[in-house]
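Here is the structure we will look at, set down as structure tokens.
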Amino acid sequence: MNMDRRRFFGGAAAGAVAAASVAKAALAALPEPVLMDKPLTAPPLAPASGRPYNPVATLNGWTLPWRMNNGVKEFHLVAEPVVRELAPGMKAQLWGYNGQSPGPTIEVVEGDRVRIFVTNKLPEHTTIHWHGQRIPNGMDGVGGITQPHIPAGRTFVYEFEARRPGTFMYHPHADEMAQMAMGMMGLWVTHPRGRHPLIAPVDRDFCFLLASYDIEPGSRTPRVNTMLDFNLFTFNSRVFPGIDSLNVRKGDRVRIRVGNLTMTNHPIHLHGHEFTVTGTDGGPTPLSARWPEVTADVAVGQMRQVEFVADEEGDWSLHCHKSHHTMNAMGHNVPTMIGVDHRGLVRKMQKLVPDYMVMGERGMADMGAMEMPLPDNTLPMMGGQGPFGPAEMGGMFTLLKVRRDQPRGDYRDPGWFKHPARTVAYEFTGSVPDATRAAQPAGDAGADLKVRKPSGHEGHH
Ligand SMILES: [Cu+2]
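Numbered by my numbering, the letters in the sequence shown go through residues 35 to 495 in order.
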């Protein structure tokens, strides 16, 4: 994917024009709201004003531009219904901020005075809670408790100092169940002011939020009353193969910040490297409390910040380790058919139901390759094509692409890894001796199962 600054600003400007035409008069004194019309990873937004810092790259997201007003950093968030492309082929009607869900990342520097205008274009009231931050109680955004709700059509102002460096989140504390199920959330990064003993400079700094949705195949709007049985698991409201890869140069020091605003925990797993959890939403982790991991469980309402040196070239998977979360919507009510012989039956069924097919009698892998008739606006349960075949993944899955020749600071996708000779798993072509095990009579339901017990003697079931 090409992510040049020109296109980013082109997209932002085009969105801003649309918004300005709606609200120019009413918002004359406010910073012009900047909207994003693309679900792609915008290049890091280098600070044009205020204190310097090294910006983050929000996976399939962007950073909200600001203006300086007498030393105060002013942002304008617009809470509104949005259409988010979850992956090419599926769009969802969500609620979000400034044209996308999740909302834009807000980046400031420790000690910055920040003023955030929040315009509510939702059909109901809302608020914003600044998860994890030290702020005056009346800026905490809990509707009814610390402030009146922001009615539909009104603009409220939040103002505080960004006191603590770290990775935080923002989300409504108003009709939370519905508003968060609809996608209202965003990331907030407070960069350290100067050198910090526990926050290392990095070459690449990625961030994204975990969000889950329950969208019935063929429909576009999440069911907001779902408590646990979600069917779309996303990194920043995108599912594989719609999630951009994290592209780095070999030897880069890499930071990944992951926040979880779903209804369950997600063990985020990286292949090929070990990382260290260097921070949570509670702040930087003391050096004495860090240890190597390859999976970090990110519980509900938590942020985990991991760091590593990307010193192994290749296309390394980065995914949630709950296998149902690397799938897209559809098959969770499908019975397991592994081992059931349907020969003959399918032809009879197809006389009655032309599209009838048996799912998964040899495992579920066929699902990744089959051209299934799907309802409109529905993604295959497993999708994505790799250089060696179907990737059989969906949901919370993407790749860390480590390349020797990736230019410094260049976030563009380098394409598939070209494996050096003799470094890919290969087929054994010699003769394979028959295994000495009991023959399994196919379809003989009445047969005894022979069970080989660890002690060595055989028993019968
Ligand atoms: Cu998960």
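All C-beta atoms, glycine included, are put in the ideal place defined by N, C-alpha and C.
Since the model is a prediction, treat every value here as computed from it, not as a measurement.
Item	Value
Starting from the C-beta of Thr360, find all residues in its chain whose C-beta is less than 8 angstroms away, skip the five residues before and the five after it, and write them out in chain order.	Phe267, Phe274, His353, Cys354, Met427, Gly428, Gly429, Met430, Phe431
Would you say Phe269 touches ligand 1, meaning its beta carbon is less than 7 angstroms from a heavy atom?	no
Would the beta-carbon of Pro78 fall within 8 angstroms of that of Val90?	yes
Is the beta carbon of Leu120 closer than 8 angstroms to that of Arg257?	no
Do Pro206 and His163 have their C-beta atoms within less than 8 angstroms of each other?	yes
Considering only residues of the segment 162-220, which uninterrupted alpha helix (DSSP H) runs meet the minimum length of 4 residues and lie entirely inside it, listed in chain order?	210-215
Met416 by DSSP, collapsed to three states: which one?	coil
From Asn154 to Asp248, what distance separates their C-alpha atoms?	24 angstroms
If contact is defined by three or more beta carbon pairs under 8 angstroms, each pair taking one atom from either stretch, is the segment 179-194 in contact with the segment 217-227?	no
What is the rounded straight-line gap between the Cα of Met216 and the Cα of Met415?	21 angstroms
Should Met430 be counted as a contact of ligand 1 given a C-beta to heavy atom distance under 7 angstroms?	yes
Please find out if some non-hydrogen atom of ligand 1 comes closer than 7 angstroms to the beta-carbon of Lys452.	no
Between Cys241 and ligand 1, is there a pair consisting of the residue's CB and a ligand heavy atom that are separated by less than 7 angstroms?	no
Spatial neighbours of Tyr204 within its chain, please: C-beta separation below 6 angstroms, excluding the five flanking residues on both sides.	Ile162, Trp164, Gly220, Trp222
My output table needs one value for Leu408: the three-state DSSP class, helix, strand or coil.	coil
Would Tyr445 be called buried (16 or more neighbouring beta carbons within 10 Å of its own) or exposed?	buried
For the segment 289-304 against the segment 448-461, do three or more pairs of beta-carbon atoms, one drawn from each stretch, fall closer than 8 angstroms, so that the two count as touching?	no
I'd like to confirm something about His300: is its beta-carbon nearer than 7 angstroms to some heavy atom of ligand 1, or not?	yes
Out of Pro326, Thr92, Val282, which one is the CA nearest neighbour of Asp345?	Val282
Out of curiosity, what's the CA-to-CA distance linking His159 and Pro301?	34 angstroms
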